[in-house]
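S.K.: Residue numbers (numbering that gives the first Met the number 0): 0 to 275. Cβ coordinates follow ideal geometry from the N, Cα and C atoms, glycine included. Sending over a structure as structure tokens; questions will come in a sec.
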Amino acid sequence: MRRKGHFITAGFTILLAAVFVFPLLLMVIAPLRQPGLPPPRGLGEVFPLSPSLQSFRDAFSLVPLGRSILNSIFVTGIAVPITILTASWAGLALTLIRGRLRVVIIAALVLLATVPLTAVWIPRFVLFDKLGLIGTYVPLIAPALMGGSPLFVLFYAVAFHRIPREVFEAAIMEGCGALRLWWRVALPLVKPTTAAIVLLSAVAFWSSFIDPLLYLKAEKDLTAPLMIHSLDLLGPTNWPVFLGASLVITLPIVVAFFAAQRLFQGKERGGSWLGR
């Protein structure tokens, strides 16, 4: 009976995985079709009889996709380290403070996490317009100065809270200042959390569509998601080109995910660890 249950569980897991894997498989295979062909009418037409890389060449020739990828790398490369810096600082401060103030800050962060992004589009646009920053990358990177997301601050606060307070107190008694306490003691003990927030923030900044659409003007400054939208406007017969470009801009995030696996396999220190 138990063996039968294992088979049912394994079959359900495989079926569930296939639901998520098939769209990714389609993204990899579809760009190998010749550009200009209509979308396939069945599964039999998905796999091309004569694979071609022309869709990838067209994606880079029809629009400045290469430059837009470099723009996205620039924005993400600046925003993610700033996010880790500010979110971890705030999370550590939230761990070290005590009393009612801590409860108030946590409640405020939870409340901020529930605010939809659409509610701040207009106020943010007016603010950056008054500052003369429209048409620059500053509005795209600005959320990183606030930790990227309230959830990132809470993630760090939970991770730091699992470290025994005696560790921080001993470090302070040894003469550690705030920055040294953060860099030498706290941050090395929460590597899996840092890896998770790096990936989450990288995906958020890399795939952002609305912010570049609102704040960027010149074509040379556009990021990769906006360039993908430009290819989508070419029409349904160019869908292999569209999916080829989508595959190109998806690969960096996939590579980053697999590169971070080693950090995910590490263990964060629990409540019984005293730094010995």
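Pick out whichever of 154, 156, 158, 185 has its Cα sitting closest to the Cα of residue 168.
M.R.: Per the Cα distances, 185.
S.K.: Between residue 104 and the rest of its own chain, which residues show a CB-CB distance below 7 Å, the 5 nearest in sequence each way excluded?
M.R.: If we look at residue 104 and ignore the five residues flanking it on each side, its Cβ neighbours are 93.
S.K.: Could you work out which residue in 23, 129, 65 is closest to residue 214 when comparing CA atoms only?
M.R.: Checked all of 23, 129, 65; the closest Cα to residue 214 is 129.
S.K.: If contacts are defined as beta-carbon pairs under 8 Å, then residue 226 and residue 64 qualify, I think. What distance do you get, rounded to the angstrom?
M.R.: Between residue 64 and residue 226 the Cβ distance is about 5 Å, and since that is below 8 Å, they are a contact.
S.K.: Rounded to a whole number of angstroms, what is the C-alpha to C-alpha distance between residue 88 and residue 119?
M.R.: Roughly 24 Å separates the two Cα atoms.
S.K.: Alpha carbon to alpha carbon, how far is residue 86 from residue 157? Give it in angstroms, no decimals.
M.R.: Spanning the two alpha carbons is a distance of roughly 12 Å.
S.K.: Using the beta-carbon count (16 or more within 10 Å), is residue 58 buried or exposed?
M.R.: Classification of residue 58: buried, given that the 10 Å Cβ count is 16 or more.
S.K.: Would you kindly check if the distance between the Cβ of residue 32 and the Cβ of residue 47 is under 8 Å?
M.R.: Yes.
S.K.: What's the gap between the Cα of residue 181 and the Cα of residue 91?
M.R.: The alpha-carbon atoms of residue 181 and residue 91 are separated by roughly 7 Å.
S.K.: Is the beta carbon of residue 241 closer than 8 Å to that of residue 250?
M.R.: Contact flag unset, no.
S.K.: Within 10 angstroms of its Cβ, does residue 162 collect 16 or more other Cβ (buried), or is it exposed?
M.R.: Buried: at least 16 other Cβ atoms inside 10 Å.
S.K.: Relative to the C-alpha of residue 52, which candidate in 259, 246, 252, 255 has its C-alpha closest?
M.R.: For the residues 259, 246, 252, 255, the minimum Cα distance to residue 52 belongs to 246.
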